[in-house]
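Numbering (this note's numbering), first residue to last: 238 to 410.
Below is one structure, written out as structure tokens; comments come after it.
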């Protein structure tokens, strides 16, 4: 299923055709069909499920095998949930692979536009590209308080300052 998303920028509208490949692992090679001719990617995992973060290296490997040099953003979704299993300090894959990372919440629309804006800037080659209108999103199902948002941001800052673990992928989530 393709979800077209249009963002209005100071350089005109930009449309992303978003393929949601969640759960496609069981079909093996079918997933590669989604990647062919992909111009960018968002690899998303669920911060309430350690197993989804453990799958990130596999998803990334498959993606770069088919789409060698595309901009990629890693996103941890469901940051509105208080019982977070994958803490900010455990999220290091993006630092090892030089990817952009964002905490997001699809249910609250928190940071929803950030990965798309980052990708659009990379694709257009304009670091000054800005959104000129809010994207048309469904109303949020949950709210993230200003206090919770500050906590999320502080955790990310602290995590970015921490040294990277020596092993290839931190098993100690």
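Cβ coordinates follow ideal geometry from the N, Cα and C atoms, glycine included.
If you're wondering where the values come from, they're calculated on a predicted model, not measured in any experiment.
Own chain partners of residue 241 with C-beta closer than 8 Å, once the 5 adjacent residues on each side are dropped: Residue 241 sits at position 4 when you count from the first residue of the chain shown. These residues qualify, in order along the chain: 252, 253, 254, 255.
Coil, strand or helix - residue 270 by DSSP: Here the question's residue 270 lines up with position 33 in the chain shown. Residue 270 falls in the helix class under three-state DSSP.
Nearest-angstrom beta carbon gap, residue 303 and residue 340 [assumed within contact, 8 Å]: One-based indexing of the chain shown puts residue 340 at position 103. One-based indexing of the chain shown puts residue 303 at position 66. The Cβ separation is near 27 Å, so there is no contact.
Residue 408 versus residue 377 - alpha carbon distance: By one-based count along the chain shown, residue 408 stands at place 171. By one-based count along the chain shown, residue 377 stands at place 140. A caution first: residue 408 carries a pLDDT of 48, below 50, which makes its placement in the model too unreliable to give a value.
Proximity winner among 395, 283, 366, 344, relative to residue 412 (alpha-carbon distances): Here the chain has residues from 238 to 410 only, and residue 412 is not among them.
Sequence-distant residues of its chain with Cβ nearer than 6 Å to residue 311 (five each side left out): Locating residue 311 in the chain shown gives position 74, counting from the first residue. Answer for residue 311: 280, 331, 336, 338, listed in chain order.
Proximal residues to residue 276 (C-beta, below 7 Å), its chain only, five neighbours per side dropped: Looking up residue 276 in the chain shown gives position 39. 307, 360, listed in sequence order.
Proximity below 8 Å, CB of residue 282 to CB of residue 271: In the chain shown, the residue the question calls residue 282 occupies position 45. In the chain shown, the residue the question calls residue 271 occupies position 34. No, the pair does not count as a contact, with Cβ atoms beyond the cut-off.
Those runs of the beta strand (DSSP E) which lie wholly inside the stretch 367-393 and span at least 3 residues: For the stretch 367-393, not a single whole beta strand (DSSP E) run of length 3 or above is found.
Beta-carbon gap between residue 399 and residue 324 smaller than 8 Å: Walking along the chain shown from the start, residue 399 turns up at place 162. Walking along the chain shown from the start, residue 324 turns up at place 87. Taking a C-beta distance under 8 Å as the contact criterion, residue 399 and residue 324 do not qualify as a contact pair.
Pairwise C-alpha distance: residue 285 and residue 319: Position 82 of the chain shown, counted from the first residue, corresponds to residue 319. Position 48 of the chain shown, counted from the first residue, corresponds to residue 285. Using only the alpha carbons, I get a separation of about 9 Å.
Run of the alpha helix (DSSP H) containing residue 302, from where it starts to where it stops: As a working note, residue 302 is residue 65 in the chain shown. Counting along the chain, the alpha helix (DSSP H) containing residue 302 begins and ends at 287-303.
Identity of the residues DSSP links to residue 256 by a beta bridge: Indexing the chain shown from 1 puts residue 256 at position 19. Residue 256 pairs with 239.
Beta-carbon proximity list for residue 212, same chain, < 7 Å, skipping 5 on both sides: Residue 212 cannot be examined here, being either before or after the span of the chain that is shown, 238 to 410.
Those residues which DSSP pairs with residue 341 across a bridge: In the chain shown, counting from the first residue as 1, residue 341 sits at position 104. In the DSSP output, where bridge partners are listed per residue, residue 341 has none listed.
Start-to-end residues for the alpha helix (DSSP H) that takes in residue 357: Against the chain shown, residue 357 aligns to sequence position 120. 351-361 is the extent of the alpha helix (DSSP H) around residue 357.
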